[in-house]
Every structure is written in structure tokens, then in C-alpha cells.
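Taken in sequence, the protein lines are chains A and B. The opening residue of the first sequence carries number 138 in this note's numbering; numbering runs sequentially from there. The opening residue of the second sequence carries number -13 in this note's numbering; numbering runs sequentially from there. Built from N, CA and C at the ideal position, the CB exists for glycine as well. Only a predicted model underlies this, so the values are computations on that prediction, with no experimental measurement involved.
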Amino acid sequence: EAGVAQSPRYKIIEKRQSVAFWCNPISGHATLYWYQQILGQGPKLLIQFQNNGVVDDSQLPKDRFSAERLKGVDSTLKIQPAKLEDSAVYLCASSVGQVEEAFFGQGTRLTVV
Amino acid sequence: GIQVEQSPPDLILQEGANSTLRCNFSDSVNNLQWFHQNPWGQLINLFYIPSGTKQNGRLSATTVATERYSLLYISSSQTTDSGVYFCAVGPLGTSYGKLTFGQGTILTVHP
């Protein structure tokens, strides 16, 4: 079974630029999560989708971050404009439903200079 | 929100040694998972264990939900076990994937 796919693997941008990350969850997984992992810390949840609807975005900095999952499968996370403190690994995870364990992708490592 | 504390923060072993990693959490949970983050950043699911004991090869885990802690045992460690081990919990009433992670235990296994 294919795992959670993310792209790109690495991205370097200058502050105030915009960037987008893509996630393709495991086939059949209705629930999708985006996490942010700052170096030396555990991942922190940003947003949760159930199919194409947002379940929880309370931890998403909405002034600069946005996410969508228009068709209930792939998802994109965007940052506009980026700040230096956004440098982190962005991890996507998916689960069959809300009461099953989640599986993580390899992440996108973002460096803002 | 729920607090998750892992110990020790760092652990250095010789190949073949055994180790125990601990995870304490501050509230009741409906989900607890152990992950291994490899040097390439991939989070590998080790155990989904909100309660009870499970074993998978050289690894085993025990969660005592009533006392709010979980233990991960690694026996006969190998260099490939190196990396960061995370405990993550989901509070009661939340989706299982809405995880709060601990700070991790950095394990280094020397040949």
C-alpha cells in the first residue's frame, strides 16, 4: 500500500515570498492533517480535514497560512508571505477516519532566508 | 491542553544493549502512538497503544492508562534504531490523529 506522498521534499525561499506544499493521502483515507515541526521539537497540529471540510483549524495562523482539500483527496498548504520563523518541516498525515491511527508522510523541509 | 513529557531526552547505547523510554501524559486519552523519526525525517508508526501491551520483534510497549504513562522497550539495540522516538497522545473526545507530541527522546546506538 502506498504511503502518504508529499512534495516538494525541500524548499528554500526568501522571507515575504509565498510557498505551497502538496499532500496526497493514503487511498481511502478520509481524514487528513497538516503538522508543523520546528527543529528540536515534536510536530504541532495546524489543521484537520474530514473529506473536503475543515474540522479544526484553531492552530493555523490564518493571517499567512491557508489550506484546502477541494475534492476530498489531495491537499495543499500555502504560506503567504513567509517569515523566518516558518522554517520547519511540514508533515501531512492521514487516517481512514477520525477514530483510527494516523500515518505520516516524509514531510517538506522549508527554509526561509 | 494536555501535556506530554518524555524521558530521557537523550540516550546513548552500545549495540546490543536494552533501553526503556518513558512517556507521561497529563490527562485521559483515547489514542497513544509511538513513532520513530529516522534521519530523513520520516515518522514511522511503531505502536498504536492507548492501553495494554504490544510487541513487535525487538520492540514492545506498555501503556497504563489509569496511571497516565507509557513505556517503550527496545531490546538488543542496533545502529539502525538511532533516531528520535516520539510519544503522541490524543485526548478523550478528539480525533485520533489530533495528536499532541512530546519533545522526543534522541537515541544514538554506537557499533
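Kindly identify the DSSP beta-bridge partner or partners of residue 13 of chain B. According to DSSP, residue 13 of chain B bridges with nothing at all.
For residue 42 of chain B, decide whether its Cβ has a neighbour in chain C, counting only Cβ atoms nearer than 8 angstroms. Going by chain labels, chain C is absent from the structure shown, which instead holds the protein chains A and B.
DSSP on residue 222 of chain A, reduced to helix/strand/coil? In the three-state reduction of the DSSP assignment, residue 222 of chain A falls in the helix class, which pools H, G and I.
Just how far apart, CA to CA, sit residue 27 of chain B and residue 52 of chain B? 32 angstroms
Indicate the three-state DSSP secondary structure (helix, strand or coil) for residue -9 of chain B in the structure shown. strand
Hey, could you find the ends of the beta strand (DSSP E) residue 184 of chain A is sitting in? 181 to 187
Per-residue burial, residue 250 of chain A [other beta carbons within 10 Å of its own, 16 or more giving buried]: Label assigned to residue 250 of chain A: exposed.
Under DSSP, the beta strand (DSSP E) around residue 213 of chain A begins and ends at which residues? 212 to 216
Which of helix, strand or coil DSSP assigns to residue 67 of chain B: helix
Along chain A, which residues have their Cβ under 7 angstroms away from the Cβ of residue 72 of chain B? Within chain A, the C-beta atoms nearer than 7 angstroms to that of residue 72 of chain B come from 179, in chain order.
Who are residue 20 of chain B's beta bridge partners in DSSP? B:33 and B:73
Is residue 72 of chain B closer than 8 angstroms to residue 161 of chain B when the C-beta atoms are compared? Past the edges of chain B, shown from -13 to 97, lies residue 161 of chain B, and the structure says nothing about it.
Which of the three DSSP states, helix, strand or coil, is assigned to residue 205 of chain A? Residue 205 of chain A falls in the strand class under three-state DSSP.
Does residue 11 of chain B get closer than 8 angstroms to chain A when you measure Cβ to Cβ? no
Identify the residues that DSSP records as bridge partners of residue 161 of chain A: which are they? A:142
Chain B partners of residue 240 of chain A, CB-CB under 7 angstroms? 31
Buried or exposed for residue 247 of chain A, going by 16 or more other Cβ atoms inside 10 Å? buried
Compute the Euclidean distance between the alpha carbons of residue 209 of chain A and residue 187 of chain A, then round it to the nearest angstrom. 8 angstroms
Just checking: is the beta-carbon of residue 81 of chain B within a distance shorter than 8 angstroms of some beta-carbon in chain A? yes
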